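Residue numbers for the sequence shown follow numbering that gives the first Met the number 0, so the first one is 0 and each next one is one higher.
Note that beta-carbon positions come from the ideal geometry of N, C-alpha and C, so glycine has one too.
Keep in mind that this is a model prediction, so the values were computed, not measured.
Single-structure report; data block below.
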Amino acid sequence: MAGLPRKLKRNISEHLNMEVGAADTEAVSSGTWRGTCKICPAKKRRQSKTQCNLCMKNICRSHTTFICNQCYMDKETDSDEN
Numbered sequence: 000m001a002g003l004p005r006k007l008k009r010n011i012s013e014h015l016n017m018e019v020g021a022a023d024t025e026a027v028s029s030g031t032w033r034g035t036c037k038i039c040p041a042k043k044r045r046q047s048k049t050q051c052n053l054c055m056k057n058i059c060r061s062h063t064t065f066i067c068n069q070c071y072m073d074k075e076t077d078s079d080e081n
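Laid out in structure tokens, this is it:
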């Protein structure tokens, strides 16, 4: 599935009941395109190449959360049980 947008990969994986790796669902670099952080006040004008994988908004380092694969999988397991 290389070359497909992350949202499309996630949707395909969900429909096929395939496991999606944590790297596919975390904030990731979007290549060379830069935009301002959508969470910071506009006057700060913080530039970033990182986007939230869920809403696709640009986010700066201070608004990025890192999570290890084990914690991510535990979180997914907990949400599936509810």
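Does the distance from the C-beta atom of residue i to that of residue j stay below 9 angstroms?
i   : j   : result
T35 : N57 : yes
S47 : R33 : yes
Using 8 angstroms for Cβ pairs, my map puts residue i next to residue j. What's the rounded Cβ distance?
i   : j   : result
R45 : C59 : 4 angstroms
Have a look at the options and flag the residue whose alpha-carbon is nearest the alpha-carbon of residue i.
i   : options       : result
S61 : Q50, C70, Y71 : Q50
T63 : N52, G2, K6   : N52
From what residue to what residue does the alpha helix (DSSP H) around residue i run?
i   : result
M72 : 68 to 80
R84 : In the structure as shown, the chain begins at 0 and stops at 81. Residue 84 is therefore absent and cannot be evaluated.
N16 : Neither: N16 is in no alpha helix (DSSP H) and is coded neither H nor E.
List, from N- to C-terminal side, the alpha helix (DSSP H) runs of 4 residues or more that fit wholly inside the segment 38 to 64. Positions of the alpha helix (DSSP H) runs, each at least 4 residues long and wholly inside the segment 38 to 64, cannot be given because no such run exists.
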